[in-house]
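Undergrad: Residues 110 to 335 (the numbering used here) are what the sequence shown spells out, left to right. Structure incoming, see below.
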Amino acid sequence: MNIEPQEISDTLKTSSLLRDSIYARLREEILGCRMAPGEELREQELAVRFEVSKQPVREALLRLEQERLITVLPRQGYRVKPVSIADARDIFRFREIIEPACAADAAQFASDAQLRSLDEFRSFDAPAAEFIKYNRAFHIAVAMCSPHRRMREEVANLVSQADRLVLVSIGFAQGRDTNRLLAEHVAIIDALQARDGRQAARLLRTHIIDAQKRVVANLSRHAVIL
Numbered sequence: 110m111n112i113e114p115q116e117i118s119d120t121l122k123t124s125s126l127l128r129d130s131i132y133a134r135l136r137e138e139i140l141g142c143r144m145a146p147g148e149e150l151r152e153q154e155l156a157v158r159f160e161v162s163k164q165p166v167r168e169a170l171l172r173l174e175q176e177r178l179i180t181v182l183p184r185q186g187y188r189v190k191p192v193s194i195a196d197a198r199d200i201f202r203f204r205e206i207i208e209p210a211c212a213a214d215a216a217q218f219a220s221d222a223q224l225r226s227l228d229e230f231r232s233f234d235a236p237a238a239e240f241i242k243y244n245r246a247f248h249i250a251v252a253m254c255s256p257h258r259r260m261r262e263e264v265a266n267l268v269s270q271a272d273r274l275v276l277v278s279i280g281f282a283q284g285r286d287t288n289r290l291l292a293e294h295v296a297i298i299d300a301l302q303a304r305d306g307r308q309a310a311r312l313l314r315t316h317i318i319d320a321q322k323r324v325v326a327n328l329s330r331h332a333v334i335l
């Protein structure tokens, strides 16, 4: 029986969509700590859960391994990568470099409309538990004002990975001053809208360094990381 090229194309497209969907769902659960650091994953169990064969599951897991979100256990399966202080420092150090660069470029090249759109982050009226989502959206929105696509995408990835560290560390923190963090965001927005790239970059860098200190300090006080 001959197989038409369109049938092959449709099959490949379906397989790719399955893989991407599984990857996106697993990544969201890992970054949101709905899959706990250190939790073991099995291809067969995930295939049953998603009602697919093991192949798209395996491809999604390998992609997550490349992003260092899971590790492979020889002849056993996979494990959600434990939270480590070394990773926390690496992620925040990278953010400390790339996000201020995006902000400086945004102040110079973004349209007035783009910079005005940041006004939605001048207030936060949701429950405190939603602050992480608001914070992620703010940092990504600032990066999206940069004209450089690769830098924008890298910031979005780094901020998302940092959320997992923040979620774990918040479990140990005795509350956070969201009003102070909000005020820092507003100051960054003010600098951007004034087209002061140097000030925006300086404020954002300080903001990220302070976040790293809080997260690393909270993680360091508890023996739950590797």
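Note that CB positions come from ideal geometry on N, CA and C, so glycine has one too. Nothing here was measured: the structure is a model prediction, and the numbers come from that model.
With a threshold of 16 other CB atoms inside 10 Å of the CB of Arg251, please say whether the residue is buried or exposed.
TA: Along the sequence shown, read from residue 1 onward, the residue named residue 251 stands at position 142. At residue 251 the sequence reads Val, which differs from the Arg that was named. With 16 or more Cβ atoms within 10 Å of its Cβ, Val251 is classed as buried.
Undergrad: Sorted by chain position, which residues of the same chain lie with C-beta nearer than 7 angstroms to Ile102's C-beta, five sequence neighbours on each side aside?
TA: The structure shown does not extend to residue 102, since the chain is modelled only from 110 to 335, so the question has no answer here.
Undergrad: Would Glu208 be called buried (16 or more neighbouring beta carbons within 10 Å of its own) or exposed?
TA: The sequence position of residue 208 within the sequence shown is 99, counting from 1. Glu208 is buried by the Cβ-count criterion.
Undergrad: Where does Leu126 land, buried or exposed, given buried means 16+ other C-beta within 10 angstroms?
TA: Taking the sequence shown and counting its residues from 1, one reaches residue 126 at position 17. By the neighbour-count rule (16 or more Cβ atoms within 10 Å), Leu126 is not buried but exposed.
Undergrad: So what does DSSP say about Arg188, is it helix, strand or coil?
TA: As a position in the sequence shown, residue 188 is number 79, starting the count at 1. Of the three classes helix, strand and coil, the one that applies to Arg188 here is strand, per DSSP.
Undergrad: State the Cα-Cα distance for the pair Ala235 and Arg184, rounded to the nearest angstrom.
TA: As a working mapping, residue 235 is identified with position 126 in the sequence shown. As a working mapping, residue 184 is identified with position 75 in the sequence shown. Taking the straight line from one Cα to the other gives about 45 angstroms.
Undergrad: Using alpha carbons as the reference points, say which of Ala292, Gly147, Ala145 and Gln164 lies closest to Tyr132.
TA: Within the sequence shown, numbered from 1, the residue matching residue 132 stands at position 23. Nearest option by C-alpha distance: Gln164.
Undergrad: Can you check DSSP and say which residues form a bridge with Glu149?
TA: For this step, residue 149 is matched to residue 40 along the sequence shown. According to DSSP, Glu149 bridges with Arg188.
Undergrad: Assuming contact is defined by CB atoms lying nearer than 9 angstroms, are Leu135 and Leu170 in contact in what I supplied?
TA: On the sequence shown, position 26 is the one that residue 135 refers to. On the sequence shown, position 61 is the one that residue 170 refers to. Cβ distance < 9 angstroms, so Leu135 and Leu170 count as in contact.
Undergrad: Have a look at the DSSP bridge pairing and note the partners of Thr287.
TA: Translated into positions along the sequence shown, residue 287 becomes position 178. In DSSP, Thr287 forms no bridge with anything.
Undergrad: Using the Cα positions of Arg311 and Asn244, report the straight-line distance between them to the nearest angstrom.
TA: Locating residue 311 in the sequence shown gives position 202, where the first residue counts as 1. Locating residue 244 in the sequence shown gives position 135, where the first residue counts as 1. Using only the alpha carbons, I get a separation of about 18 angstroms.
Undergrad: In terms of alpha-carbon separation, which member of Val166, Ile200, Arg231 and Leu155 lies closest to Lys322?
TA: On the sequence shown, residue 322 is found 213 positions in, with the first residue counted as 1. Measuring from the Cα of Lys322, the nearest candidate turns out to be Ile200.
Undergrad: Asp214: which of Arg314, Pro256 and Glu229 sits nearest, CA to CA?
TA: In the sequence shown, the residue the question calls residue 214 occupies position 105. Considering only alpha carbons, the answer is Pro256.
Undergrad: Since Leu170 is in the beta strand (DSSP E), which residue starts that stretch and which ends it?
TA: Numbered from 1 along the sequence shown, position 61 holds the residue referred to as residue 170. Looking at the DSSP string, Leu170 is not in any beta strand (DSSP E); the run it does join, the alpha helix (DSSP H), is Lys163 to Gln175.
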